[in-house]
Amino acid sequence: MNHLPLIIKREYLTKVRNKSFIIMTFLSPFIFVGIFALVAYLSSLNSDTVLKITVLDNSGLFIEEFNSSPHTQYKILNNVSLEKAKKEAEIEKINGLLYIPKTENLEDLSKGITFYSEDSPSLSMMSDINNMLEKKVNSLKLKEAGIDSETIKNLHIDISASQETFKGQETSKLGAGLKLAFGGAAGYLLFMFIIIYGNMIMRSVIEEKTSRVIEVIISSVKPRVLLLGKIFGTTLAGITQFLVWVVLILVLMTVVTSIFGIDTAAASPSQQIMENSVDGGTQQILQDIMLEINNLPLINLIVMFILFFVGGYLLYASLYASVGAAVDSETDTQQFMMPILMPLILAVYVGVFTVIDNPHGTVSQVFSYIPFTSPVVMLMRIPFGVPLWQQIISVVILFATFIGMVWFAAKIYRVGILMYGKKPTYKEIFKWLKY
Amino acid sequence: MEKLLVVNNVSKVYGDYKALNNVSIEVEKGSIFGLLGPNGAGKTTLIRIINQITMPDTGSVILDGEPLQPHHIKYIGYLPEERGLYKTMKVGEQALYLAQLKGLSKQEAKERLKYWFDRLQIGDWWDKKIQELSKGMAQKIQFVVTVLHKPKLLIFDEPFSGFDPINANLIKDEILKLRDDGATVIFSTHRMESVEEMCDHIALIHKSNKILDGKLIDIKRQYRSNMFEIGLITPNHAATSASLKEKFEIYPATFKSINDELQYKVKIPDSISTNDFVSYLTSQGQLTHFVEVIPSASDIFIETIQKN
């Protein structure tokens, strides 16, 4: 008699037919895309406005530097007193007035420059102006010292050591970045998935207790099978929801961007800048990225990603299930939540700080075997090259721990039934294991 | 008689608490077995052991000649005291699901459900959710689910709680019919009148120990106190009362009667036979009422518990 498929089917159908689940599945992408569209719209509004700045340069050193751009308009004033300039700026609703006094030497200049405005100016604009002035002053100083700025430029040599493994495989900084991005993305995805769907599993395990159907069920099914069925059923429901989200968000994004004609790049100004600066090199960079991706152990990565993702998710799911097994109602779960998330957060920290620093150091190695951290840490290490046997051992440990966790949860579950209405403590749970 | 279930010297300890101490029971095939005892005596633990929800620390359970095994769950139907159903599931789906967990095929389960739903006239609940039903209605569904897979052994823990008298009677008749069709029933309840009506055999558990076990009728014989309820019309009530009091232990009694008579419960010593007692009474006046006082299950329950 195999009950597992039956239980998985019931759990899946109950979750998927649940009204709030359906609403969230279809509403979330709309909210997500709505927020995105709003942000994009607002920042496009922002970039449409033109900053008007008047410049009163009494030193006469910087006049050539202020070139108006589509976003900023400079108006150079001549032979006006500071007081008058200020008044005019206020009346004409000018965004700001930059005042540069006339001084004897360049050192004093830095103390005299002032920016007047109605409200505090934006940080980025101020740093732009400061940089521009600084650059000009520095080059003037160099000239004073008798050095031509052209000479300095010519003397500067860029060093970028090319990297190669002993086996002759070319590696590069770009490659390392890509590897980290891959590991980070995998870790982040796992983290998200656990946080979103872990609670769902816990609630599903408590369900039998709150509806008091538990004794009927438990006299027909082994707790281990019931818990496994719940974990798998809820996971499948979670995957369904996740897929619907991805598809809906992609579709909605396309619709929104085409209807409102929002330039997606407008939402991220930094990207715009990057595009401008490397305009010619974009093609080259794309080629490099493709090359690097080809250099990665792709098949190994994909297989291990699936194994570690599934294994890691199941392990944490079984942790949530044990919490569900130990308590009678959701209000009692608080004290157990923190310890579940701790190892996950630790894994991300180890991944971000240690693996980047030294992918094959002792710390990285140890944490890539510990099942609670291995899904994140090992996935971040694999792109840097980890022997297959190490990967296999880590996967085996992970799945063995998952099975062990389910057994542990089933044990708690069985005993928990007999203790209706009592809030369990860690000490008691430990005692239950011995029953 | 053949035994369907034999529990041998079962003990179960939870931490420091001994829930069952060396309890043995034997349940005959085709009988109704009453498992009695005050709250917290250990009845539920015993039932859970039979259902393999928990394992006994020592002792063994034999079902139909075989030591209890996981596959036996399909031969047992259990209606727990803490009962409930998935609230958001529809009645029909839920019944099918629970029946399939007990090993029925979907088709089989459907046919039998149709039979039971027609029989209890609840066919139009099929698409309702449990949370839309009243407590009594949900109990009916639960009863159907318990008996659907035609178990050899039915275990009912307080089956009548939550039912109105009409439905309680309906369920009682169904249980008796199941017994007549060959099922064996273990019946745990505090309602002594249903024990009286239904049980062939009882066992009393108190403070983790079995303190009484046997056929209900044998136990009643064992607990008989030679007490008789009498009605007597005499020329002089006061004088007769006085002489009765002198000869026997007497207690006041009241029963319905259309006569103006003396009414007493009289305990007669073993040395006097009932015939002698009756001839003594007839010599005193006209005997209108003579009945042996049979101890009720409730009396036996209270007396035994108090003795221990």
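Residue numbers (our numbering), protein chains in the order written: chain A, 28 to 462; chain G, 27 to 334.
Note that beta-carbon positions come from the ideal geometry of N, C-alpha and C, so glycine has one too.
Just so it is clear, the structure is predicted and the values come from calculations on it, not from any experiment.
Chain-order list of residues whose beta-carbon lies under 8 Å from that of residue i (same chain, five-residue window excluded)
i	result
L33 (chain A)	G256
I35 (chain A)	G256, F259, G260, L263
K132 (chain G)	L122, Q126
Between the CA atoms of residue j and residue i - distance to the nearest angstrom
i	j	result
L307 (chain G)	V53 (chain G)	44 Å
Y417 (chain A)	I409 (chain A)	Correcting the residue identity first, residue 417 (chain A) is Gln in this sequence and not Tyr. Looking at the two C-alpha atoms, the distance is approximately 10 Å.
L342 (chain A)	T400 (chain A)	11 Å
I276 (chain G)	L288 (chain G)	12 Å
V232 (chain A)	L207 (chain A)	36 Å
T261 (chain A)	F48 (chain A)	12 Å
A213 (chain A)	I383 (chain A)	15 Å
S86 (chain A)	P128 (chain A)	6 Å
E158 (chain G)	D286 (chain G)	57 Å
V173 (chain G)	T210 (chain G)	12 Å
V82 (chain A)	S71 (chain A)	27 Å
A347 (chain A)	L334 (chain A)	Contrary to the premise, residue 347 (chain A) reads as Tyr rather than Ala in this sequence. Whole-angstrom Cα-Cα distance: 20 Å.
Y123 (chain G)	M218 (chain G)	35 Å
T464 (chain A)	K113 (chain G)	Examination of residue 464 (chain A) is not possible in this model, given that chain A is present from 28 through 462 alone.
L415 (chain A)	G339 (chain A)	18 Å
D185 (chain A)	A436 (chain A)	59 Å
C-beta neighbour in chain A for residue i, strict 8 Å
i	result
N47 (chain G)	no
P106 (chain G)	yes
Y277 (chain G)	no
G110 (chain G)	yes
I228 (chain G)	no
K155 (chain G)	no
K113 (chain G)	yes
Y123 (chain G)	yes
K55 (chain G)	no
I79 (chain G)	yes
I99 (chain G)	yes
L30 (chain G)	no
K128 (chain G)	yes
Contact with chain G by residue i, beta-carbon distance below 8 Å
i	result
R251 (chain A)	no
I245 (chain A)	yes
H30 (chain A)	yes
S238 (chain A)	yes
R230 (chain A)	no
T41 (chain A)	yes
R408 (chain A)	no
V354 (chain A)	no
V248 (chain A)	yes
E145 (chain A)	no
E357 (chain A)	no
Member of the options whose CA lies at the smallest distance from the CA of residue i
i	options	result
S57 (chain G)	G:P261, G:T330, G:M224	G:M224
E38 (chain A)	A:S247, A:M227, A:V283	A:M227
T314 (chain G)	G:I284, G:I201, G:D183	G:I284
A112 (chain A)	A:Y126, A:P398, A:E91, A:Y101	A:Y126
L373 (chain A)	A:K163, A:Q362, A:V393	A:V393
L9 (chain A)	A:N165, A:E242, A:F269	A query on residue 9 (chain A) cannot be resolved here, the shown segment of chain A reaching from 28 to 462 and no further.
P250 (chain A)	A:Q311, A:A353, A:I286	A:A353
K162 (chain A)	A:L150, A:S176, A:S149	A:S176
I102 (chain G)	A:I222, A:V337, A:I245, A:S144	A:I245
V422 (chain A)	A:F411, A:K438, A:V403	A:V403
I326 (chain G)	G:I79, G:K293, G:A229	G:A229
V49 (chain G)	G:Y104, G:D153, G:S269, G:N35	G:N35
H232 (chain G)	G:V32, G:L46, G:G85	G:L46
T280 (chain G)	G:A265, G:G257, G:R74	G:G257
Q165 (chain G)	G:I197, G:K154, G:A135	G:I197
L371 (chain A)	A:F218, A:S356, A:I184	A:F218
K178 (chain G)	G:K69, G:G63, G:G149, G:K55	G:K55
L253 (chain A)	A:G351, A:Q100, A:M407	A:G351
T260 (chain G)	G:L270, G:Q95, G:N252	G:L270
Neighbourhood of residue i by C-beta distance below 6 Å, restricted to the same chain and skipping five residues each side
i	result
K44 (chain G)	S234
K241 (chain G)	H227
L275 (chain A)	P56
Cut-off 7 Å between Cβ atoms - residues of its own chain near residue i, not counting five sequence neighbours on either side
i	result
E318 (chain G)	F254
Residue i: CB within 7 Å of a non-hydrogen atom of the ligand SAM
i	result
G149 (chain G)	Judged by which ligands are present, the structure shown has none, so any question about the ligand SAM falls away.
Residue ranges of each alpha helix (DSSP H) run of no fewer than 4 residues wholly in the segment 230 to 265 of chain A, ordered along the chain? 241 to 245
Uninterrupted alpha helix (DSSP H) stretches inside the segment 180 to 224 of chain G (no shorter than 4 residues): 191 to 206, 218 to 224
Pick out the complete alpha helix (DSSP H) segments inside the segment 105 to 183 of chain A, 4 residues or longer, and give them in chain order. 109 to 118, 133 to 139, 150 to 171, 176 to 182
Beta strand (DSSP E) runs contained entirely in the segment 31 to 117 of chain A, provided each spans 3 or more residues: 78 to 84, 99 to 104
Please give the ranges of any alpha helix (DSSP H) in the segment 239 to 272 of chain G, keeping only runs that are unbroken, at least 4 residues long and fully inside the region. 242 to 248
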